[in-house]
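This report concerns only the one structure given below.
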Amino acid sequence: MVRIPDICRRTVLKSTSAAALGSIVGTAAGRENDHSSTEPPIASPPILAAHRGYRGLYPQNTIAAVQQAAYGGPRSHEYNTDMMECDLVPAGGKPWKGEDFEIVVFHDDKLDDLTDESGYVWENDVQTVLNAEIRDSGQTIPRLDEFVEATPDSIPLDIEWKAAGVSPDDDASESDVETWDPFTEQALEVLSHHENDVIIQSFQKAALQSVRNADSSIPIAYLLWDSIEDGLSVVRDLDAEYIQPPYNMIMNTPFFNEDYYLEDPDFAEIDLVETAHEEGRKVIPYTITTWHQAEKLVEAGVDGIIADYPGVLD
Numbered sequence: 001m002v003r004i005p006d007i008c009r010r011t012v013l014k015s016t017s018a019a020a021l022g023s024i025v026g027t028a029a030g031r032e033n034d035h036s037s038t039e040p041p042i043a044s045p046p047i048l049a050a051h052r053g054y055r056g057l058y059p060q061n062t063i064a065a066v067q068q069a070a071y072g073g074p075r076s077h078e079y080n081t082d083m084m085e086c087d088l089v090p091a092g093g094k095p096w097k098g099e100d101f102e103i104v105v106f107h108d109d110k111l112d113d114l115t116d117e118s119g120y121v122w123e124n125d126v127q128t129v130l131n132a133e134i135r136d137s138g139q140t141i142p143r144l145d146e147f148v149e150a151t152p153d154s155i156p157l158d159i160e161w162k163a164a165g166v167s168p169d170d171d172a173s174e175s176d177v178e179t180w181d182p183f184t185e186q187a188l189e190v191l192s193h194h195e196n197d198v199i200i201q202s203f204q205k206a207a208l209q210s211v212r213n214a215d216s217s218i219p220i221a222y223l224l225w226d227s228i229e230d231g232l233s234v235v236r237d238l239d240a241e242y243i244q245p246p247y248n249m250i251m252n253t254p255f256f257n258e259d260y261y262l263e264d265p266d267f268a269e270i271d272l273v274e275t276a277h278e279e280g281r282k283v284i285p286y287t288i289t290t291w292h293q294a295e296k297l298v299e300a301g302v303d304g305i306i307a308d309y310p311g312v313l314d
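Position 96 of the sequence shown, counting from 1, maps to 96 under the UniProt record's numbering, and the rest follow consecutively.
And the structure:
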């Protein structure tokens, strides 16, 4: 089993240390689920999550990125980050078709843009994927087990279920929970052999439902995209502990409704932070690149940030 603390899933962060983060993210001691707590979170210092291992500085989602993100820069804490963020996709086969596959840490569906290989990750054999070089960095794509092994045990992992191995011409959909189940089963089995606390995140509701079905005590985070109202609806359906929106969804900042991924997004006038806190959830927006963004988001009350650089909260 993935590690789950013997506490309510609504327990709040007490500090930014990795040890304190363990009180809110998933750990291995089993417990009864408690969905009843709706008290607003206690104010606490924001956590800093290393987006793909601080992709702004290091070759993203690689062992070198993990090592540099953990140890590579001066901070006031033991490590250079409070949480390690990464992405998972299947390699070597399509899980939902019953094909053999291995889960690797990689962001894109295809190898073309980030490596010296091409094609869908799951349509390449595993060894080709593992040997693919990330943008002339000398670093290659790691297995999930290798990535977690390289991460200090006390640094929690914010892991995105990125793709279930479905191509556009396949007779399956990532919106089908069953499509994700073999992927979820293997990923959770790998994670169960490590001590790191975990949060599972995804843009795909079905992916998070698959995790809920497999182990309802694992904290999950829904990644919002183009609608605050629709995002909150999914969050409530799943009873997600975390909301991870784009940073331009946060009211009371200069960035609310700015162009970011979407042109003229026209988000509803909903205070996502206030709403989340009233419901006992935490808000960790993505993807922050400057200290100015970080400062204003923290002033607006976010519980953490997912950042490309390590210095934005210093």
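Beta carbons are placed, not taken as given, at the ideal position from N, Cα and C, and that holds for glycine. Nothing here was measured: the structure is a model prediction, and the numbers come from that model.
Whole-angstrom distance between Ala172 and Leu182, CA atom to CA atom: Residue mapping note: residue 182 aligns to position 182 of the sequence shown, counting from 1. Residue mapping note: residue 172 aligns to position 172 of the sequence shown, counting from 1. Note on identity: in this sequence residue 182 is Pro, with Leu being the wrong assignment. Going by the C-alpha atoms only, they are around 14 angstroms apart.
Cβ-Cβ separation, Tyr261 to Leu57 (assumed contact under 8 angstroms), whole Å: On the sequence shown, position 57 is the one that residue 57 refers to. On the sequence shown, position 261 is the one that residue 261 refers to. Tyr261 and Leu57 do not touch by the CB rule: their CB atoms are close to 22 angstroms apart, not below 8 angstroms.
Ser202 versus Thr179, Leu191 and Lys162, residue with shortest Cα-Cα distance: Stepping through the sequence shown from its first residue, residue 202 is reached at position 202. For the residues Thr179, Leu191 and Lys162, the minimum Cα distance to Ser202 belongs to Lys162.
Reduced DSSP secondary structure (H/G/I, E/B, other) of Glu185: Stepping through the sequence shown from its first residue, residue 185 is reached at position 185. Helix, per DSSP.
CB contact flag (Asn61, Asp87, <8 angstroms): By 1-based counting over the sequence shown, the position of residue 61 is 61. By 1-based counting over the sequence shown, the position of residue 87 is 87. Yes; because the gap between Cβ atoms is below 8 angstroms, this pair is in contact.
Within 8 angstroms, strictly: CB atoms of Ala49 and Ala307: Here residue 49 is taken as the residue at index 49 of the sequence shown, counted from 1. Here residue 307 is taken as the residue at index 307 of the sequence shown, counted from 1. The Cβ atoms of Ala49 and Ala307 sit closer than 8 angstroms to each other.
Through-space distance from Glu99 to Ala164, alpha-carbon basis: Numbered from its first residue, the sequence shown carries residue 164 at position 164. Numbered from its first residue, the sequence shown carries residue 99 at position 99. Ala164 and Glu99: Cα-Cα distance of roughly 12 angstroms.
Val166, DSSP secondary structure in three states: The residue given as residue 166 occupies position 166 in the sequence shown. In the three-state DSSP reduction, Val166 falls in the coil class, being neither helix nor strand.
Proximity below 8 angstroms, CB of Leu157 to CB of Val126: The residue you call residue 157 lines up with position 157 of the sequence shown. The residue you call residue 126 lines up with position 126 of the sequence shown. Cβ atoms of Leu157 and Val126: not closer than 8 angstroms.
Host alpha helix (DSSP H) of Glu149 (start-end): For the purposes of this step, residue 149 is taken as residue 149 along the sequence shown, with counting starting at 1. Leu144 to Ala150 is the extent of the alpha helix (DSSP H) around Glu149.
In chain order, each beta strand (DSSP E) run of at least 3 residues that lies wholly inside the stretch 172-258: Taking only runs of at least 3 residues, the beta strand (DSSP E) segments lying wholly in the stretch 172-258 are 198-202, 220-223 and 242-244.
Nearest neighbour of Thr287, chosen from Ile270, Ile250 and Leu272 [CA to CA]: By one-based count along the sequence shown, residue 287 stands at place 287. The shortest Cα separation from Thr287 among Ile270, Ile250 and Leu272 belongs to Ile250.
Inter-residue Cα distance where the pair is Lys97 and Pro45: If you number the sequence shown from 1, residue 97 lands on position 97. If you number the sequence shown from 1, residue 45 lands on position 45. Taking the straight line joining both Cα atoms gives about 44 angstroms.
Chain B within 8 angstroms of Asp87, Cβ atoms only: In the structure shown, chain B does not exist; there is a single protein chain.
Own chain partners of Asn80 with C-beta closer than 7 angstroms, once the 5 adjacent residues on each side are dropped: Indexing the sequence shown from 1 puts residue 80 at position 80. Shown here for Asn80: same chain residues with a beta carbon closer than 7 angstroms to its own, the five before and five after excluded, namely Ala69, Ala70, Tyr71, Gly72, Gly73 and Pro310 in chain order.
Leu130 vs Thr140 beta-carbon contact at 8 angstroms: To locate residue 130, count along the sequence shown from 1; it is residue 130. To locate residue 140, count along the sequence shown from 1; it is residue 140. Cβ atoms of Leu130 and Thr140: closer than 8 angstroms.
Pick from Gln67, Ala64 and Glu85 that is closest to Pro285, judged by C-alpha positions: Within the sequence shown, numbered from 1, the residue matching residue 285 stands at position 285. Comparing Cα positions, the closest option is Glu85.
Limits of the alpha helix (DSSP H) - the one that Ile49 falls within: Indexing the sequence shown from 1 puts residue 49 at position 49. The residue you asked about is not Ile; residue 49 is Ala in the sequence shown. Premise fails: Ala49 lies in the beta strand (DSSP E), Ile47 to Ala50, not in any alpha helix (DSSP H).
Three-way DSSP call (helix, strand, coil) for Glu32 in this model: Working through the sequence shown from its first residue, we reach residue 32 at position 32. Only weak support is given to the placement of Glu32: the predicted model assigns it a pLDDT of 34, under 50, and the value that follows is read from those uncertain coordinates. Residue state, collapsed to three classes: coil.
7 angstroms CB neighbourhood of Pro254 in its chain, flanking five on each side removed: Position 254 of the sequence shown, counting from 1, holds the residue named residue 254. Around Pro254: Lys296.
Complete beta strand (DSSP E) runs within the stretch 51-137 (minimum length 3 residues, chain order): DSSP runs (the beta strand (DSSP E)) wholly in the stretch 51-137: 83-91 and 102-105.
Cβ distance (whole Å) where Phe267 is taken to contact Asn252 below 8 angstroms: Walking along the sequence shown from the start, residue 267 turns up at place 267. Walking along the sequence shown from the start, residue 252 turns up at place 252. Not a contact, Cβ separation roughly 13 angstroms.
For Val312, the three-state DSSP class (helix, strand or coil): The count along the sequence shown starts at 1 and reaches residue 312 at position 312. Note: Val312 maps to coil in three-state DSSP.
Outcome for Gly231 when other beta-carbon atoms lying within 10 angstroms are tallied against a minimum of 16: Against the sequence shown, residue 231 aligns to sequence position 231. That one is buried.
Coil, strand or helix - Ala294 by DSSP: Translated into the one-based positions of the sequence shown, residue 294 becomes position 294. When secondary structure is reduced to three states using DSSP, Ala294 falls in the helix class.
Cβ pair Ala206, Ile63 closer than 8 angstroms: Position 206 of the sequence shown, counting from 1, holds the residue named residue 206. Position 63 of the sequence shown, counting from 1, holds the residue named residue 63. Cβ atoms of Ala206 and Ile63: not closer than 8 angstroms.
His292 classed as buried or exposed, judged by whether at least 16 other C-beta atoms fall within 10 angstroms: Locating residue 292 in the sequence shown gives position 292, counting from the first residue. Per the 10 Å Cβ criterion, exposed.
Bridge-paired residues (DSSP) for Val283: For the purposes of this step, residue 283 is taken as the residue at position 283 of the sequence shown. Answer is Ile243.
Rounded separation between His194 and Asp264 - CA only: For the purposes of this step, residue 194 is identified with residue 194 of the sequence shown, where counting begins at 1. For the purposes of this step, residue 264 is identified with residue 264 of the sequence shown, where counting begins at 1. So the two alpha carbons sit approximately 43 angstroms from each other.
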